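Here is the structure we will look at.
In our numbering, the protein residues as written are 478 to 614.
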């Protein structure tokens with residue numbers, strides 16, 4: 478199915494059923510297919526929603542608008558379009574950053590987060606952390 482967000486058509490796949498949903502957000506350069514095997518293992522007992530973020534998978538690729546806030550707005554538009562009343566965000570890498578941003582907005586219906594290797598704030602923060610760790614060893 479397609480969901481429009483800020484003028485961009487996003488590809489969304491759903492499976493399973495239930496009042497609660499697991500919403501999957503992929504890494505930079507990935508797609509909803511990233512979660513295919515996880516979703517297959519969960520179906521049909523759990524309702525799952527996987528989004529192709531703008532520019533990846535089968536979603537449209539706008540010329541600009543790839544900030545975390547844009548992707549968070551997109552995910553929230555999908556959640557609203559599907560009328561999800563209770564959901565858990567599951568994000569990998571960039572999807573983890575997007576999930577954290579959404580959670581900071583305290584949206585209605587968010588029941589939790591599952592973060593899989595979320596990206597750091599920036600590459601510089603990763604390098605600084607690695608340098609501090611090496612100095613303490």
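Ideal Cβ placement from N, Cα and C applies to all residues, glycine included.
These numbers come from a predicted model, not from an experiment.
When DSSP reads this structure, residue 565 sits in a beta bridge with 499 and 589. Between the stretch 579-593 and the stretch 549-558 there are three or more inter-stretch CB-CB distances shorter than 8 Å, so the stretches are counted as touching. Under the criterion of beta carbons closer than 8 Å, residue 493 and residue 524 qualify as touching, at roughly 4 Å. Annotation for residue 527: the continuous beta strand (DSSP E) segment containing it runs 524-528. Residue 501 sits close to residue 526, with the two beta carbons spaced by under 8 Å. For residue 544, the closest of 505, 595, 592 and 487 by C-alpha to C-alpha distance is 505. In the DSSP assignment, residue 509 falls outside any alpha helix (DSSP H) and carries neither an H nor an E. Collapsing the DSSP output to three states places residue 537 in coil.
Residues 569, 570 and 573 of the same chain have their beta carbon placed closer than 8 Å to that of residue 594, with the five preceding and five following residues left out of the count. Residue burial annotation: residue 596 is buried, with at least 16 other C-beta atoms found within 10 angstroms of its C-beta.
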